[in-house]
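Residue numbering for the sequence shown follows the numbering used here, beginning at 429 and increasing consecutively. For glycine and all other residues, C-beta sits at the position ideal for the given N, C-alpha and C. Note that the coordinates shown come from a computational prediction; the quantities given were computed from them, not determined experimentally.
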Amino acid sequence: MEDWIWTTLVRALAFGTPILLAGLGEIYAERSGVVNLGVEGMMAVGALAAFAVAQSSGNPYLGLLAAVLVGAFIALPFAVASITLRANQYVAGLALTMLGLGLSGLLGKPYEGAPLAHPLPEAGFVAAALALAVGLWFFLRHTFGGLVLRSAGENPETVDAMGINVYAVRYGAVVFGGAMAGLAGAFLSLAYRPSWADGITSGLGWIAVALAIFAAWHPLKAVGAALLFGALYHLSYRLQAVVSPEFLKAMPYLFVVVVLSLSALRRGPSGAPEALGIPYVRGERR
């Protein structure tokens, strides 16, 4: 019994690490007032970039850097559409997911089935994810920059009145979220499953979106939520003998729909940021 519990905890940490990394990025984006449903696509592109660069260079750390940079870069079109052009954030995020999955599937074909020559240890990613959660919580709650970020999602007019560019704050948060999603993808192709395969993210990006809401947009609570989701993900593999595989594959998508629906009822101090999903127009009151 103790071995079973220990195994579940260890695997929950491994499964939960990419969810936590991507979820922390989504928490920051949503704290600034922007919902990005493109996490799955950004993770897929990050995973491919990490594997391709690591395999061709022989240096997995270069692959890690490539994933972060590519994740941040692919978040830019979404930022332009949702922040500058004020497009519907949910639609723009879904488009980003489709773009990322399609692009990674197409460009990744030459790498299918090849094992990574020099994989990275899972433990390093796990430790980094936990340290990032603590550091990002401290920044968010105990620094002026964190106050500005939170204010951009709660009352952007106040940030504007302080002489701080709301658009720049939101751009920074969205790009940071893309970098974190890229890092989460790198974990999958460099450590957890050191290879590339189309569909490597397996819906984890959607769970990361749900995690941000489930954790009440709090980086430290996200750690516990990621462990819970990681444990459920691990147990789902053990349940394949008694539960339909089709249902298990659909579960991440069903879960995020339920959580997003429930989040609409939670606004204010204990719920979603007041300006979440609302484009900011300078001089226009909400």
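If I measure Cβ to Cβ from residue 390 and keep anything under 6 angstroms in the same chain, skipping five residues before and after, which residues do I get?
This structure cannot settle anything about residue 390, because the visible part of the chain is limited to 429 through 714.
Hey, how far is the Cα of residue 577 from the Cα of residue 672?
43 angstroms
For residue 624, three-class secondary structure by DSSP
strand
Could you tell me whether the Cβ atoms of residue 654 and residue 444 are closer together than 9 angstroms?
yes
Could you tell me which residues DSSP pairs with residue 540 in its beta bridges?
624
Taking all protein chains shown into account, decide if residue 464 is buried (16 or more other Cβ within 10 angstroms of its Cβ) or exposed.
It counts as buried.
Once you ignore the five residues that flank residue 486 on each side, which residues in its own chain have a CB closer than 8 angstroms to its CB?
545, 546
Closest to residue 524 by CA distance: which of 649, 447, 467, 650 is it?
467
Among the residues of its own chain, which have a CB less than 6 angstroms from the CB of residue 579, if the five just before and after it don't count?
586, 587
Among the residues of its own chain, which have a CB less than 7 angstroms from the CB of residue 657, if the five just before and after it don't count?
444, 447, 635, 639
CA-CA distance, residue 435 and residue 555?
18 angstroms
Considering residue 584, what are the terminal residues of the alpha helix (DSSP H) in which it resides?
From DSSP, the alpha helix (DSSP H) with residue 584 extends over 584-589.
Secondary structure at residue 606, three-state DSSP: helix, strand or coil?
helix
Please report how far the alpha carbon of residue 590 lies from the alpha carbon of residue 596, in whole angstroms.
Between residue 590 and residue 596, the C-alpha separation is close to 14 angstroms.
With distance defined between alpha-carbon atoms, name the residue in 581, 515, 622 nearest to residue 482.
622
Buried or exposed by the 16-neighbour rule on C-beta atoms within 10 Å, applied to residue 570
exposed
Three-state class that DSSP yields for residue 726 in the structure shown:
Absent from the structure is residue 726, since the part of the chain shown begins at 429 and ends at 714.
Secondary structure at residue 629, three-state DSSP: helix, strand or coil?
In this structure, residue 629 counts as coil in the three-state DSSP scheme.
What is the DSSP secondary structure of residue 434, counted as helix, strand or coil?
helix
Cβ shell of residue 531 (< 7 angstroms), same chain only, five flanking positions each side left out
473
Kindly give me the distance between the Cβ atoms of residue 581 and residue 458, rounded to whole angstroms, as I take these residues to be in contact under 8 angstroms.
7 angstroms
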